[in-house]
Structure formats: structure tokens, C-alpha cells
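Numbered according to our numbering, the sequence shown terminates at residue 654, and the numbering increases by one at each position without gaps.
Report on the structure given below.
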Amino acid sequence: MKSLKKSALVLAMAGLPFAAQADLKPIDDAQMGSITGQAGVTIELETRVDIGEFRYTDEGSLSIKDISIGGANTTGLFSEITDFRDALGLDATTNLIDNIAIEIDVAADGDAIINVLPLTAAPIDFGVSTGEWTLEGHTDSTLLASNFNMVGAFTKVGITVDTATDRLNLNTKVGISDLDVDIDFLGLGIRDLKMTGADYMGTKLDGTAAAPSVLTLGATIDMDVYKATRLGGSGDALAIDLNTFAADMSIGEVLVGGASIGSVMLDNLVVQDTTMRIYGH
């Protein structure tokens, strides 16, 4: 946050006609200190990321190949929304993650506040795809999954780092319009998985009929991340508290051995007050 300098104020006054200055009154240093400029930074962004391979190695390795992160690049994003599709950009075909404004502020108490918002009325669409997911040992390997493809949209991402509690809070609304994946080592396939807000499909949380719209397409995720003591004893751990997860979820087809065994629908899925501790061993 930047304070206006006295000299800048004097120069501005000097440019005024004498008559206009007649009613001006001098202000003291305390009052001057309360005059401030605009705070924070806004970053507008568009991007695409490709990664040939991600590899995590302990004694063995987990490999994920051909990772691509970009725009949804589809005309069928959240097809249940029929009103104002052109204005909302739901039929846009671009492989870039775009339409993003990242607002960064530091509050008076030192809290860092980061909001990721769309530049327009359209949600922020995204697409993620990967090749093979493989577990590899010294002699053997297992193909865990392949053909992962997901498209969806964010309507809100809020991140706050609280200096009083030393916690990072993530509060977001994200929807998945379509997700397909093969889980090769189990012979399973998932087709047309959709995840939305709890008021998008089926019934709303209050029991009334759902209303597919850009306001309801995002599942609510509210979580805190911080350092804490392990639940089972002494020692530090990465703590993740899932305060709220509220969503509707459907799977168009579940494949077993290449054949469909039906579909799945979860209406008003709510997970609350869930605590995890993560640490090495």
C-alpha cells in the first residue's frame, strides 16, 4: 500500500486557480498518514503447460507421462446450462487456460489474500489430460491408469494465509463437466463423470428442484492447511482439515472388463469436519 507524498499534494494544489484554493484547509501529519493509494496487485493470465513425465521416487517410482494442462477446448462444457451459453463462453474452443485475474493483497494485520477470478462473466474453463500412470520397481512394473481426460471450470478460488493462526485457507468452487479414465490394473473404466455444486443436479440441499446454472456448477471446497502435531503421537505433520465439501456427482458408465455395468448418481454429497495428518516414515 502506497502513501501519497506531501509534495505530490502540494503540486496538485499549485495547479488550481487561487480562488479554488480559498476554501482549502491545511491538514496535519496524522491526517496525511491516513491518505493512502491503491493496495494490491492484479495479474491477468493465460497459459498452457505440457510435462513429458512426472516421476516420484522413494524406493520404487510412480511415473505419470504426457501431462497436459490448458483450456477445456470443447463446445459441450456443462451442456445442461442452456441460457446465455455464448456470453458465458461455455462453447469456446481454446486450449489455453485464460480469462483469469489473480488479485493479491496484504491486509493491515498481515494476512495474505489471493483471489483467482474470471475477467468476464464466463467461468474459468480448464482441461487436464495424461498418458500412463505406472508403478515401477527394480524388476517389475504395474500400469495403474491411462487415458485420463478431464474438462471443467472454476467460478471461484480464494486463498488466505492467516498470520494469527499460521493457516492457509482454500475456499473454491470447481466443477467437472466430463472425466474419463481407465484403471488398467483393476480392469475398470470410468466414463462421463460429472461433479458439480450440490444444487446443480437432482435436488438442492434444501430439497427443492435443482437449477443448472453458472452459479451452481461449482462444488464447494473449503479446507485449511497448516503444520500440526500428529494425531497418533508427537512429531510434526502437514495438517489438512476439510471443513466442507458439497457436491453432486454422476458417472455415465462404469466399465468392468470392457463392458458397462451401469451408471452412478450421488445427490447432495456433503463431507464435513474431516482431518488428515500427513508425514514421512
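Glycine residues also receive a C-beta, built at the ideal position from the N, C-alpha and C atoms.
This one's a predicted model, so the numbers in the text were calculated from it and none came from an experiment.
Given residue i as reference, the closest of the options once Cα atoms are compared
i	options	result
Leu-561	Leu-516, Ile-487, Gly-449	Leu-516
Met-523	Met-596, Arg-564, Ser-436	Arg-564
Leu-615	Ser-633, Leu-552, Asn-542	Asn-542
Asp-557	Ala-526, Asn-520, Thr-536, Thr-538	Asn-520
Val-554	Leu-628, Ala-632, Ile-497	Leu-628
Pro-491	Asp-640, Asp-484, Val-587, Thr-538	Val-587
Residues that DSSP places opposite residue i in a beta bridge
i	result
Phe-427	Ile-437
Glu-453	Beta-bridge pairing links Glu-453 to no other residue.
Glu-334	The question about residue 334 has no answer here: the residues shown for the chain are numbered 374 through 654.
Thr-647	Leu-615
Asn-542	Thr-533, Asp-597
Met-523	Val-501, Leu-552
Glu-417	Ala-474
Thr-515	Leu-508
Cβ distance (whole Å) where residue i is taken to contact residue j below 8 Å
i	j	result
Ile-594	Thr-545	5 Å
Asn-468	Gly-443	4 Å
Gly-548	Thr-581	Wrong, their Cβ atoms sit about 20 Å apart, outside the cutoff.
Ile-477	Ile-487	5 Å
Leu-450	Ser-550	5 Å
Thr-466	Thr-447	7 Å
DSSP three-state assignment for residue i, whether helix, strand or coil
i	result
Asp-459	helix
Ala-395	Below a pLDDT of 50, predicted positions are generally treated as unreliable, and Ala-395, at 47, falls in that range; the measurement from the model is reported next regardless. In this structure, Ala-395 counts as coil in the three-state DSSP scheme.
His-654	coil
Ile-477	strand
Ser-636	coil
Asp-621	strand
Asp-572	coil
Asp-609	strand
Leu-642	strand
Residue-chain proximity (residue i, chain B), Cβ-Cβ < 8 Å
i	result
Ser-633	The structure shown contains no chain B; it is built from a single protein chain.
**Request:** Evaluate the contact criterion for the segment 570–582 versus the segment 615–629: three or more CB pairs, one atom per stretch, below 8 Å.
**Result:** yes
**Prompt:** Is the number of C-beta pairs between the segment 423–443 and the segment 499–512 that are closer than 8 Å three or more?
**Reply:** yes
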